Structure formats: C-alpha cells, structure tokens
Amino acid sequence: MERFGTKVVLITGGGSGIGRAAALRLASEGARLALVDISAEGLAVTAEEIEKASPGTAVLTVVADVSAEADVARYVAETVAAYGCIDGFFNNAGIEGTQNLIQDTATDGFDRVMSINLRGVFLGLKHVLAVMKEQGSGSVVNTASVGGIRGTGLQSPYAASKHGVVGLTRNAGVEYGQYGVSVNAIAPGAVLTPMVQEYLRQLNPEDPEQAAREFLSDNPMKRFATLGEVTHLIAFLLSGEAAFINAAVLTIDGGQSAKY
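This is the structure in structure tokens:
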C-alpha cells in the first residue's frame with residue numbers, strides 16, 4: 002500500500018534504531034525521504050537498506066547535529082531544495098544518557114542529553130513548522146517515551162528531556178493546528194533498539210539478558226515491542242488517516258505506563 006504517494010518525509014536519527022526502521026517502512030509506502038543523523042556511516046547503511054527493499058526510492062541524506070541550530074536550518078533547507086516541501090516530519094533523534102542517581106549525575110552529561118533530546122526536538126519544530134505553516138499542511142511525530150509521562154528512576158536527564166518533548170508536542174499542536182498542521186508524539190516503552198541494549202548493559206554489565214528479564218517483568222505483555230509495531234504507529238500518525246489527531250501523546254508500551 003503506497004498511502005504516502007511520493008509525499009516527502011524528513012526523519013532525524015535516521016541512521017539507526019527506530020529512525021532507520023521508520024525510513025524503511027515509509028519507503029515501502031511510497032514516501033520520498035530526507036534522512037538526518039550525526040553518523041554518515043549510519044545514514045549510508047540506511048540508504049543502502051532502503052534501496053534493496055524499495056528500489057528507486059528518493060533518499061536524501063544529511064549529516065547534521067540536531068542540537069546545533071545552523072545544522073538544523075541546513076537540513077531543513079536542503080530538504081526543501083531537493084523536494085520543494087516537507088509533508089511529514091519524524092522528529093526522532095535522541096540518546097539515552099547514563100544511569101545514575103541525581104546526586105551522581107554529571108552536569109555535562111545532563112546537558113548533553115537535554116541538548117539532543119529536547120533542544121534538538123525544539124529546533125526541529127522551530128524550523129520545520131515554519132515550512133509547514135507556509136504550506137498550510139503537514140504532520141509531525143515527535144519521539145517521547147513512557148519516561149516522559151512518569152518517573153523511571155536512575156534516568157533523570159532522559160526523563161526530564163522526554164517530559165519536555167511531551168510539553169513541546171502539546172503546545173505545538175495547539176499553536177499550529179489552525180494552519181493545517183498536526184503535531185503528535187509517540188511514547189514507546191520497551192523496544193529492543195541499540196539504545197535500549199546499551200541501557201540494559203549499563204544496568205547489568207555482566208548479564209544484560211538478566212537485566213532485560215527484570216525490565217520486562219513489570220510489563221503486562223512481558224515482551225519488547227517490535228520495530229514493526231512502532232513504525233506502524235508512526236506511519237499512521239504521519240498519514241492522512243490521522244488528520245484529526247493533534248497534540249496527542251500515544252503510548253506504545255504494552256500497558257506498562259498504566260501500572261503507575
């Protein structure tokens with residue numbers, strides 16, 4: 002099904018994890034893509050996988066730091082120059098940070114997480130929403146987290162940044178709905194991405210599989226979400242099928258957040 006029919010979707014964090022999986026999913030549905038990541042190597046792998054899975058898909062890759070406003074302005078400008086518009090924006094780039102009590106959390110570590118996870122999302126919204134407002138249309142999906150709607154422990158910088166993403170999402174949706182633009186967020190729980198694997202290694206360096214079992218013991222469905230399940234939600238929210246969903250935060254966590 003090609004419900005995107007050559008629409009242009011911009012994805013940050015497109016070099017790995019959920020960003021790469023979303024790019025592959027959207028390419029299979031006809032989207033033209035602009036992929037942004039700090040890793041040129043990661044972008045190259047994503048582009049290669051897209052060409053194998055969906056030959057002929059238009060893919061622009063831009064190496065950029067989402068926390069640097071000049072880089073954000075550049076990736077937006079390059080996308081518009083290449084395609085003439087931005088129909089969808091998956092504002093996804095983020096990092097986990099380290100696992101510590103607040104008193105043991107390095108201030109520069111806090112600043113790094115906030116600069117990518119929150120400042121990066123803000124800057125993406127700032128520059129992409131200006132384009133969409135001018136167009137009179139567009140759909141944005143920000144990546145929040147269940148850590149953005151409740152406390153998780155030992156992840157204060159990450160949780161604070163994702164709570165901020167939730168606030169930005171709701172405010173942006175309220176501000177830009179009148180211009181034909183929807184802004185929503187997904188709040189994933191346990192998805193076995195490289196970032197989550199690193200988190201599990203930090204919890205139990207000697208036995209990350211045991212950390213995974215303990216992590217999932219609190220989940221009503223007792224398993225990780227698949228990337229396909231997450232990208233199904235992303236594609237839906239970016240499509241015209243979700244046109245009247247706005248300023249919403251949709252959990253995809255197997256019911257984990259309902260227990261708190």
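When the count follows my numbering, it moves up by one through the sequence shown with no breaks and lands on 261 for the last residue.
Where is the CB? At the ideal position from N, CA and C, for every residue including glycine.
This one's a predicted model, so the numbers in the text were calculated from it and none came from an experiment.
Helix, strand or coil: which one does DSSP assign to residue i?
i: P189; result: strand
i: I12; result: strand
i: S258; result: helix
i: L34; result: strand
i: A248; result: coil
i: N172; result: helix
i: G139; result: strand
i: T47; result: helix
i: L61; result: strand
i: A243; result: helix
Assign residue i to one of two classes, buried (16 or more other C-beta atoms within 10 Å of its C-beta) or exposed (fewer than that).
i: E13; result: The identity of residue 13 in the sequence shown is Thr, whereas the question assumes Glu. It is buried - the Cβ of T13 has at least 16 other Cβ atoms within 10 Å.
i: P195; result: exposed
i: R224; result: exposed
i: Q179; result: exposed
i: K260; result: exposed
i: A82; result: exposed
i: F245; result: exposed
i: V175; result: exposed
i: T144; result: buried
i: Q211; result: exposed
i: A236; result: buried
Using a Cβ-Cβ cutoff of less than 6 Å, which residues in the same chain neighbour residue i once the five nearest sequence positions on both sides are dropped?
i: V182; result: M133, G139
i: T232; result: A22, A23, R26
i: Q203; result: Q100
i: A248; result: R171, G174, V175
i: L238; result: V142, N185
Leaving out five residues on either side along the sequence, give the residues of the same chain with a beta carbon under 8 Å from the beta carbon of residue i.
i: S258; result: V147, I150, R151, A188, G190, T252
i: N220; result: G190, A191, D254, G255, G256, Q257
**Report entry** Stretch-stretch touch, CB-based, cutoff 8 Å, three pairs: the segment 24-37 with the segment 4-11
**Finding:** yes
Query raised in the report: Counting Cβ pairs closer than 8 Å, one from the segment 48-57 and one from the segment 92-103, do we hit at least three?
Result: no
Query raised in the report: Quick one: any contact between the segment 124-138 and the segment 40-49, if contact means 3 or more CB pairs under 8 Å?
Result: no
Query - Within the segment 68-122, ranges of the beta strand (DSSP E) (whole runs, at least 3 residues) - result: 89-92
Query - contact_flag[the segment 107-116, the segment 167-183] where n(CB pairs < 8 Å) is 3 or more - result: no
Query raised in the report: How about the segment 67-83 and the segment 15-28: do they share at least three Cβ pairs that are nearer than 8 Å?
Result: no
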